[in-house]
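Below: the structure, in structure tokens.
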Amino acid sequence: MPAPFGRPVPGPPVAPEADPLLPDRPPREARFAVVDVETTGGSPSEAALTEIAVGVFVDGHCLELYEQLIDPQVPIPPFITQLTGISAAMVAGAPPVAAVLPEVLRRLEGCVLVGHNLPFDLSFLNAALTAVRHPPLPHPRLDTLVLARWALAGQVPNFRLATLAEALGLDHQPAHRAASDVLATAELLYLLLDRLAEHGVRTLSDLQRSPAWARAVRWGRAGRPSHP
């Protein structure tokens with residue numbers, strides 16, 4: 003049984019060995035939870051969360067948008083404050099991550115988890131869960147970075163979220179803040195899924211069965227630029 007939230011213990015994050023299977027249903031019928039985190043650095047072994055947002059979407063509509071600043075309980079480097087605008091003063095009095103996790107998990111229930119460069123967000127979320135002796139997230143998941151590599155290969159200079167938002171003329175532009183990046187990622191998600199539907203992708207499970215999906219995943223694992 004997981005320990006109660008708020009009782010952190012040391013230990014590295016534990017990731018699932020393989021991505022869970024996506025449901026065999028049309029994307030427009032799926033319930034997506036789009037997540038984004040801001041942090042004090044690039045690795046959960048050396049850095050902590052400063053902000054999280056979760057948007058719940060069905061058929062392109064945002065049913066709920068949750069955003070919360072988090073006290074990282076470690077200093078925020080100046081370059082992070084310059085990048086995100088999140089300062090020590092902003093997070094003073096914000097809850098620690100353990101207090102936020104129940105709200106996050108409630109919104110993820112029954113959803114396909116989505117993010118841009120999702121392994122980055124998952125690494126921090128699973129590290130926080132592991133610290134309170136909770137299992138890592140088991141949800142089926144979609145990475146819009148992988149989808150973009152598949153749907154937009156050769157059409158954009160890179161696959162960063164900001165580049166894609168500008169190139170595709172998205173209404174929502176990312177700003178290295180969790181809520182704005184969630185909205186941009188969700189808009190990108192539906193645009194990419196609609197494009198892939200033109201090439202025979204009718205259900206979410208069609209994605210994982212496609213050789214093109216496997217190639218896009220391998221592309222990222224081969225070390226090509228993939229940071230959002």
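Using my numbering, you'd call the opening residue of the sequence shown number 3 and step up by one each time. C-beta: ideal position from N, C-alpha, C; glycine also. Predicted, not measured: the structure shown is a model, and the values here were computed from it.
Contact under 7 Å by Cβ, residue i with residue j
i: H141; j: L107; result: no
i: L194; j: A153; result: yes
i: H2; j: L147; result: The structure shown does not extend to residue 2, since the chain is modelled only from 3 to 230, so the question has no answer here.
i: I78; j: A96; result: no
i: V39; j: F126; result: yes
i: V93; j: A130; result: no
i: A167; j: P176; result: yes
Environment of residue i [buried if 16+ CB atoms lie within 10 Å]
i: G57; result: buried
i: L23; result: exposed
i: L65; result: exposed
Cα-Cα separation between residue i and residue j, rounded to whole angstroms
i: L120; j: Q210; result: 16 Å
i: D149; j: D183; result: Sequence inspection shows Leu at residue 149; the Asp mentioned does not correspond to that position. Cα-Cα distance, rounded: 16 Å.
i: E270; j: V219; result: The structure shown does not extend to residue 270, since the chain spans only 3 to 230, so no value can be given for it.
i: T41; j: L190; result: 22 Å
i: W221; j: W215; result: 10 Å
i: D61; j: F34; result: 9 Å
i: D21; j: P138; result: 12 Å
i: P12; j: H63; result: Confidence is the limiting factor: at P12 the pLDDT is only 40, short of 50, which leaves the residue's position unreliable, though a coordinate-based value still follows. Whole-angstrom Cα-Cα distance: 39 Å.
Nearest neighbour of residue i, chosen from the options [CA to CA]
i: Q75; options: L51, Y68, D21, A199; result: L51
i: G43; options: A180, P159, I82, A181; result: I82
i: D145; options: D196, A188, S212; result: A188
i: A49; options: R109, F122, E69; result: F122
i: T86; options: A181, P28, A32, P104; result: A181
i: L172; options: N160, F161, A186, R162; result: A186
Where in the segment 39 to 121 do unbroken runs of the beta strand (DSSP E), each at least 3 residues long, occur, reported from the N-terminal end onward? 51 to 60, 63 to 71, 114 to 117
At what residue ranges does the segment 131 to 188 contain a whole run of the beta strand (DSSP E), taking only runs of 3 or more? Complete beta strand (DSSP E) runs here, min 3: 143 to 145.
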